[in-house]
RNA sequence: GCCCAGAUGGCGGAACGGUAUACGCGCAACACUUAAAAUGUUGUGACCCAACGGUCUUGUGGGUUCGAAUCCCACUCUGGGCACCA
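In my numbering, the protein residues as written are 369 to 1180.
Structure below.
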């Protein structure tokens, strides 16, 4: 009997597959109607660490199994691979190991691709892409310009998140709990001029489409929360003895009669506008300065509210015409709504805290009839209007409409989502392809009225190459290292011919990955970002698998970019991923695998010891794919035994070549279960079904045809071993392009079943009886059982519940 | 604080409202072996019993039902997301 030499077998088939190109789809030819295209995508990795750990492998293998299943299901499957190697994470890694990112990227590339090949995935290697390849980022820059041309990219001075350790600006989405998502340093606020994308313009659509796309529910919920839509009203409050008004946004206009003071954000323009009327201006100024310097974390951490009254000015409550004080306080955010609120302490927790501290009046205007004054906490529930003049007795809903119209307010919608800040003051990213000419700016020339002096690089001049800079480390001067490379930033103005300056900031890594799925099928196309014909055939992506940690970053940005291109008429779909599933996280001893924790499991050792097929199958057998779980090697021997047993059975089948079917029921049952389970990504139960099947067929002289079907079912999990046996059985074409078996329902039906006899819902006996037995016959057989007879013993049977082909329950 | 997911043997985990604990690990006994490993066979939720058999058991407490791990209500714990968003 031939020994199972997995390392030889695996290496041989990996080479053979590459040679025969069975994983290369026909990307171009539109007339190959025979096999329908299926774009099976897995989030590409960023090669920041020493290599892929077993957690990464878990995700890749899970995606590959689905792709292989679809390929055998008759689809022309496109499963590309690449590296998200541009960006801060790769740059930081290069700094850590003391080399240049350009050099490091070549090393990482080799290592990653080798590892990805060893695991045996069916990648279309011809279409690989790397985000740091000028042939790729040339089009990333083109995407930036496309945004600019449509008025969706703008540069503005604003308060931004700054990571003092990474020495760069971060997008809102990259700040986690007031800290940098990358290095966990506390993020501070800085006033800087930055490029942003107007993602807020698409907020409504990004939200609405979530209702009809087939995505993991938890990711949709995360996006909904992030976009954060609230419906409310904008209401103007007049400032007494002044022409000025203070506009607020509120979701509770019904509580207007309870608004006993107002609060503006420290950054609010009213403070400087009414400077001369504010009697304590110097104190106010001090407070504003302090709160601006506070980090996001400090503002939040300090639950104790701070603030200062703007003395000398008062606002008029438009509902009851009473004069109320105005405060500046940093619990009101400048970036949300109008940056000013009407404070209703009786019905808002934050206003309540503030009112208590500053001894401000609390007027209850909503009551559920049980209200006891004075309140000990804000009442935010539903009820009936009181103390509200003409609104008294109305419901909250009715009052909202009535009062808003009465005071001349407008109903509006607010989103939590902010624009996406894309400038980064780092090195290892695509330069932003823009130029600025001061002379043009002075006379108001430029490509866009709002931003005189700015020009985009001409398309034919792309890419704007990232120059080789030895001192690439961030200097922390609010600018990229490119700002000290004169040969890079000194350019001629494309319009007046004078001296212009190139933008020296680079773009966010998430821009690289926001459109890569469009590039993959068109990688060979050097003339455009994507080829229309190919894109029409292959996109949108049919199945996308990746980590849930990208819910509000990559996945939201990709949807945004896709919508923009749809509106520009450049593509004909507006959602990039038809189906998205988040894989679970593979953890180690309860903690996420990470280099810093030192709990990373290297897959290479396991491949060496057990082979890729065993590792793949073990990873998928551990836990449900969408749930993830704890990686232990305790169970891997069980899977290794299983694979070995299949191999040995295979040798016997090859020897005997039995033709007579002996295991039809077991095989067809397995076909049904495995097919259904793979389709719903329940790989663990699919494998268990294969184990059950093997237990049954192992000692039954299974026929060649039956065993081949078994191999096909196992092929997505253990592609090398099954291929070896497949050819051993005399097949001439790869098992991976063979046709997935179909089960015959007639062959699954059993003649008998085990009838469960219950008394009062408790199992008292089990009897094997023929399928389709009638209620009456079942009753007779049940009653004839000794144990049952004894228990009934003359007691009246009140009711009989009979579930055909399952059970009979006697109620006494 | 709000939203989401989850809690099942010694462990990872299975179970359209219908035999809870499939499959695998581990453990035990046996076979093979001079011996061990490997492999194979059998057993393996807890408690009571000499045995036949019985009782209990899916985080906790209630409810609906002939019947609940599964549906409903309340609570505890764990993981994840959001968080001064008016």
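Heads up, the beta-carbon is just placed ideally off N, CA and C, and yes, glycines get one too.
Candidates the options: closest to residue i by CA position
i	options	result
residue 518	935, 1175 and 967	935
residue 330	905, 1120 and 1093	Examination of residue 330 is not possible in this model, given that the chain is present from 369 through 1180 alone.
residue 1066	1179, 1094 and 1035	1035
residue 510	1043, 1166, 902 and 887	887
residue 1055	1073, 1006 and 428	1006
residue 765	623, 1159 and 707	623
residue 386	940, 970, 437 and 494	494
residue 919	948, 439 and 1070	948
residue 1113	1037, 1058 and 1103	1037
residue 428	691, 416, 450 and 798	450
residue 395	991, 1161, 904 and 1017	904
residue 570	961, 932, 531 and 499	932
residue 819	889, 808, 658 and 536	808
residue 443	409, 403 and 433	403
residue 393	967, 1170 and 890	890
Nearest-angstrom Cα separation, counted from residue j out to residue i
i	j	result
residue 553	residue 378	45 Å
residue 1101	residue 1095	8 Å
residue 585	residue 726	44 Å
residue 1115	residue 582	34 Å
residue 988	residue 1087	14 Å
residue 424	residue 878	19 Å
residue 1082	residue 370	20 Å
residue 1031	residue 1157	39 Å
residue 358	residue 926	Only positions 369 to 1180 of the chain appear in this structure, which leaves residue 358 out of reach.
residue 954	residue 1050	15 Å
residue 558	residue 529	7 Å
residue 894	residue 503	8 Å
residue 805	residue 516	17 Å
residue 1106	residue 1090	12 Å
residue 833	residue 798	8 Å
residue 461	residue 479	15 Å
residue 688	residue 709	17 Å
residue 654	residue 676	10 Å
residue 382	residue 1009	23 Å
residue 405	residue 1099	25 Å
residue 533	residue 941	40 Å
Residue j beta carbon less than 8 Å from that of residue i
i	j	result
residue 753	residue 733	yes
residue 1075	residue 430	no
residue 492	residue 391	yes
residue 440	residue 1108	yes
residue 454	residue 796	yes
residue 620	residue 561	no
residue 1103	residue 1079	yes
residue 800	residue 871	yes
residue 597	residue 781	yes
residue 995	residue 952	yes
residue 446	residue 1084	no
residue 757	residue 736	no
residue 1141	residue 1153	no
residue 1150	residue 1110	no
residue 956	residue 999	yes
residue 707	residue 632	yes
residue 972	residue 472	no
Cβ separation of residue i and residue j, assumed to be a contact under 8 Å, to the nearest whole Å
i	j	result
residue 1139	residue 1155	About 24 Å; that fails the 8 Å criterion.
residue 697	residue 673	6 Å
residue 627	residue 567	With a Cβ gap of about 33 Å, residue 627 and residue 567 do not count as contacting.
residue 477	residue 469	That belief does not hold up - the Cβ atoms of residue 477 and residue 469 are roughly 12 Å apart, past 8 Å.
residue 827	residue 803	Rounded, the Cβ-Cβ distance is 14 Å, inconsistent with contact.
Query - the stretch 601–609 in contact with the stretch 756–775 per 3-pair CB rule at 8 Å - result: yes
Report task. Determine, using beta-carbon pairs with one atom in the stretch 700–719 and one in the stretch 744–753, whether at least three such pairs fall under 8 Å. Result -> yes
Query raised in the report: Looking at C-beta atoms only, is the number of pairs between the stretch 856–867 and the stretch 480–490 that lie closer than 8 Å three or more?
Result: By the Cβ criterion, the stretch 856–867 is not in contact with the stretch 480–490, since fewer than three pairs of Cβ atoms, one from each stretch, lie closer than 8 Å.
Query - Sufficient close CB pairs (3 or more, under 8 Å) joining the stretch 645–653 to the stretch 670–684 - result: yes
Query - Any 3 or more C-beta pairs closer than 8 Å across the stretch 824–838 and the stretch 846–860 - result: With a cut-off of 8 Å, the stretch 846–860 and the stretch 824–838 count as touching, because enough Cβ pairs lie within range.
**Report entry** Cβ contact check for the stretch 972–989 and the stretch 1021–1028: 3 or more pairs under 8 Å
**Finding:** Here the stretch 972–989 makes no contact with the stretch 1021–1028; the two share fewer than three CB pairs at distances below 8 Å.
Requested in this report: Inspect the CB distances between the stretch 544–561 and the stretch 909–916 and report whether three or more fall short of 8 Å.
Outcome: These segments do not touch.
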